[in-house]
Amino acid sequence: MYAAFRSIGAYIPTKILTNADLEVMVDTTDEWITKRTGIKERRIAAKDETTSDMGMKAAEIAIQRSGLKKSQIDMLICATISPDYFCMPSTATIIATKLGLEKVTAFDVSAACTGFVYALSIAKAFIESGMKKNVLIIGAEKLSAITDYTDRGTCILFGDGAGAAVISATEDKKQAIIDIHTGSDGSFADLLMTPNGGSGSAHDELDREKASCFMKMKGNETFKVAVRTLTNDVVSILKENNIQSSEIKHFVPHQANYRIIKAVGDALALQDEQVVLTVEKYGNTSGASIPMAINDIYESGRLQEGDLMLLDAFGGGLTWGSALVPFAGIAHH
Ligand code: UT7
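Residue numbers (the numbering used here): 1226 to 1558.
In structure tokens, the structure reads:
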């Protein structure tokens, strides 16, 4: 049995936060943000809109496009670092109930921006082992809830949104997800983290910062490790599977920074039309960024059945991953 990437869906919040808006909030400029990141605007969820609300909406679309009935979904994984509630319940269980999926196996994955690739690898393993048949994987983030809008080093980067995909069992090898790499290095934990709010933080001082779960990032160091790690990872996954970069129809990287994407794309000698870019309009949406980007090329008609995608991601942990994924499309019975 193989695992096939059947369908994609996304939810994009309507409110837009532009670079001009941020110029009023912190000491920054549109020119600096555009030059250093490629970001022009990002989406922000409504005050009362939760990560599970967005994940549920993306999932509804992915299920409908998969041609499956909801009752056929037997596992739901949500990749997020901005869950509805810290610790419990998981955002996955809340989404499952909102979707009306009864008694489904549901859990969250914590791998930051690499979460969707980790979730994909778990779905693949469960399907190939025969334990599950149709796995719904979701990347959903309300990063605005954990962003410090007084910190210009991070608040210019992040946005909200959700994406979802249905991964299904197939006997057709042509539709099979070819390979997935995942890795981590906790010795770099302090480069990108939410230092407060967990058992690792001191709770003796309840000031604004201690009470929050704001992200902190050593941007420039993270940038350098990201370029090095991602380049090595995509080069090795292609080599191990004997695939040339010219065979990649869509390179779908985590959308953290245009300069990182460009550096990795150049290392693979990719043409512009192979590289999927949404960073300009959505910013960095962590675990949601890859499925939101895949949805973008699906909705614009660029993604066709049989197209080979190369996914790559890098994020807090540190974590990283890459995947070689043909787009299988709807099940033909
Ligand atoms: O998604 C998970 C993984 N995350 C990433 O991969 C993000 C990786 N990092 C980055 O994308 C980039 O490092 C940033 C966009 C965050 C920063 O770009 P950079 O080119 O690495 O800049 P820098 O941090 O080295 O800062 C350069 C200068 C500093 O000023 P001085 O010390 O040279 O005077 C910063 O204080 O830019 C200053 N700066 C800003 N200036 C205007 C930092 N943030 C801003 C800002 N506006 N928003």
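We treat Cβ as the ideally placed atom computed from N, Cα and C, and that holds for glycine.
- Item | Reference residue 1303, options 1279, 1444 and 1476, closest by Cα | Mapped onto the sequence shown, residue 1303 falls at position 78. Measuring from the Cα of residue 1303, the nearest candidate turns out to be 1279.
- Query: How many angstroms separate the CA atom of residue 1332 from the CA atom of residue 1490?
  - Reply: Taking the sequence shown and counting its residues from 1, one reaches residue 1332 at position 107. Taking the sequence shown and counting its residues from 1, one reaches residue 1490 at position 265. Cα to Cα, residue 1332 sits roughly 33 Å from residue 1490.
- Task: Tell me residue 1509's beta-bridge partners as DSSP assigns them.
- Result: Here residue 1509 refers to the residue found at position 284 of the sequence shown. Answer is 1383, bridged to residue 1509.
- Query: Under a three-way DSSP split, which group does residue 1264 fall into?
  - Reply: On the sequence shown, residue 1264 is found 39 positions in, with the first residue counted as 1. Residue 1264: coil per DSSP, three-state reduction.
- Item | Buried or exposed by the 16-neighbour rule on C-beta atoms within 10 Å, applied to residue 1356 | Looking up residue 1356 in the sequence shown gives position 131. Exposed: under 16 other Cβ atoms inside 10 Å.
- Item | Contacting residues, own chain, Cβ-Cβ under 8 Å from residue 1346 (five flanking each side not counted) | To locate residue 1346, count along the sequence shown from 1; it is residue 121. Excluding residues within five positions, the ones whose Cβ falls inside 8 Å are 1405, 1407, 1546 and 1548.
- Query: Going straight from the alpha carbon of residue 1305 to that of residue 1396, what length do you get?
  - Reply: Within the sequence shown, numbered from 1, the residue matching residue 1305 stands at position 80. Within the sequence shown, numbered from 1, the residue matching residue 1396 stands at position 171. Rounded to the nearest angstrom, the two C-alpha atoms are 31 Å apart.
- Item | Rounded straight-line distance, which links the Cα of residue 1329 to that of residue 1238 | In the sequence shown, the residue the question calls residue 1238 occupies position 13. In the sequence shown, the residue the question calls residue 1329 occupies position 104. Straight-line Cα distance between these residues: approximately 27 Å.
- Selection from 1264, 1544, 1481 and 1499 that minimises the alpha carbon distance to residue 1514: Here residue 1514 refers to the residue found at position 289 when the sequence shown is read from its first residue. Selected option, being the one with the closest Cα: 1481.
- Query: Helix or strand or just coil, what does DSSP make of residue 1232?
  - Reply: The residue you call residue 1232 lines up with position 7 of the sequence shown. If DSSP states are grouped into helix, strand and coil, residue 1232 belongs with the strands.
- Message: Mapping the DSSP letters down to three states, classify residue 1374 as helix, strand or coil.
- Response: For the purposes of this step, residue 1374 is taken as residue 149 along the sequence shown, with counting starting at 1. Residue 1374: coil per DSSP, three-state reduction.
- Query: Which one of 1337, 1358 and 1320 has the shortest CA to CA distance from residue 1538?
  - Reply: Your numbering for residue 1538 matches position 313 in the sequence shown. Checked all of 1337, 1358 and 1320; the closest Cα to residue 1538 is 1337.
- Message: Could you check if residue 1451 belongs to the surroundings of the ligand UT7, using beta carbon to heavy atom distance under 6 Å?
- Response: Along the sequence shown, read from residue 1 onward, the residue named residue 1451 stands at position 226. Proximity of the beta carbon of residue 1451 to the ligand UT7 is indicated: a heavy atom of the ligand is located closer than 6 Å.
- Item | Straight-line gap, residue 1348 to residue 1234 (C-alpha atoms, nearest Å) | Taking the first residue of the sequence shown as 1, we reach residue 1348 at position 123. Taking the first residue of the sequence shown as 1, we reach residue 1234 at position 9. Looking at the two C-alpha atoms, the distance is approximately 17 Å.
- Task: Tell me whether residue 1509 counts as near the ligand UT7, meaning its Cβ is closer than 6 Å to at least one heavy atom of that ligand.
- Result: Numbered from 1 along the sequence shown, position 284 holds the residue referred to as residue 1509. Checking every heavy atom of the ligand UT7 against the Cβ of residue 1509, one is found closer than 6 Å.
- Message: For a test of your reading of the model: does the CB of residue 1267 fall under 6 Å from any non-hydrogen atom of the ligand UT7? Yes or no.
- Response: Taking the sequence shown and counting its residues from 1, one reaches residue 1267 at position 42. Because no heavy atom of the ligand UT7 lies under 6 Å away, the Cβ of residue 1267 does not count as near it: no.
- Query: Just the Cα atoms here: how many angstroms apart are residue 1285 and residue 1424?
  - Reply: Residue numbering aside, residue 1285 sits at position 60 when the sequence shown is read from its first letter. Residue numbering aside, residue 1424 sits at position 199 when the sequence shown is read from its first letter. Their Cα atoms are separated by approximately 35 Å.
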